[in-house]
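Numbering (the working numbering), first residue to last: 2 to 236.
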């Protein structure tokens, strides 16, 4: 029985990880990490940059988006009903030439490029945060999941989250694991390692305090595209 928690090593190169850390440390954009209602260090004690918001981080943002899409291709090949269950899409059958609904069997036959295109049609990425958790102090102490009604966002994007994804930017010898409550798993930080998991309560998790060194980490979500995009009619 799968736990829907996937780990992909070397999803980011060590060179990129080192570059991201160096740029983070020099950046003037660092802020105290926030939870849904604001800063609360009893729940989350971190220093963050939401790189999606800054033009000087767009090169890095594109690198992360590309690495994330590659991970999602692997993930959704394994779990194809993410693409054919909740939202039904169609293709032109290569044999009959007729338009028909895509099935989970079709996903296995798609090349990576076509599968990536289907993923982009149904899903979008959330804002990307790079985070620093200080040695012996920082962590996301609160057991939490990622789907909830946001107190300030009129779009309520947090209710459209389907997956969480994260990349570790450095190795941590002791502590700093991402711990999943129901799966009883602790994922050790390793530079370039990516994790993907469902965003709901079944994958309640926390970020443990790094004990051997500071922890650098980036994270975001995979959300459904807005309904007006998914269900738009030609013309």
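Glycine is no exception: its CB is placed at the ideal position from the N, C-alpha and C atoms. Fair warning: this is a prediction, and the values are worked out from it, not measured in the lab.
In the same chain as residue 137, and ignoring 5 residues on each side of it, the C-beta atoms closer than 7 angstroms to its own belong to 210 and 212, in chain order.
Exposed is the label assigned to residue 227, since fewer than 16 other Cβ atoms lie within 10 Å of its Cβ. The criterion of a C-beta distance shorter than 8 angstroms is not satisfied by residue 132 and residue 6.
Secondary structure note for residue 116: its alpha helix (DSSP H) is the uninterrupted segment 113 to 123.
When C-alpha distances from residue 26 are compared across 225, 215, 95 and 147, the shortest belongs to 215.
With respect to residue 165, residue 147 sits close: the two C-beta atoms are nearer than 8 angstroms.
Only residues of its own chain outside the window of five on either side were considered, and among them 81, 82 and 85 have a CB closer than 7 angstroms to the CB of residue 105, listed in chain order.
In the structure shown, the three-state DSSP call for residue 10 is coil. With a cut-off of 8 angstroms on Cβ pairs, the segment 191 to 200 is in contact with the segment 6 to 19, counting three or more such pairs. Between residue 47 and residue 39, the beta carbon gap of about 13 angstroms keeps them out of contact (Cβ cut-off 8 angstroms).
The criterion of a C-beta distance shorter than 8 angstroms is not satisfied by residue 50 and residue 153. Take residue 144, set aside five residues on each side of it, and the residues of its chain with a beta-carbon closer than 8 angstroms to its own are 182, 205, 206 and 207, in chain order. Residue environment for residue 162: buried (at least 16 other C-beta atoms within 10 angstroms of its C-beta). Per DSSP, the continuous alpha helix (DSSP H) segment holding residue 64 begins and ends at 59 to 79.
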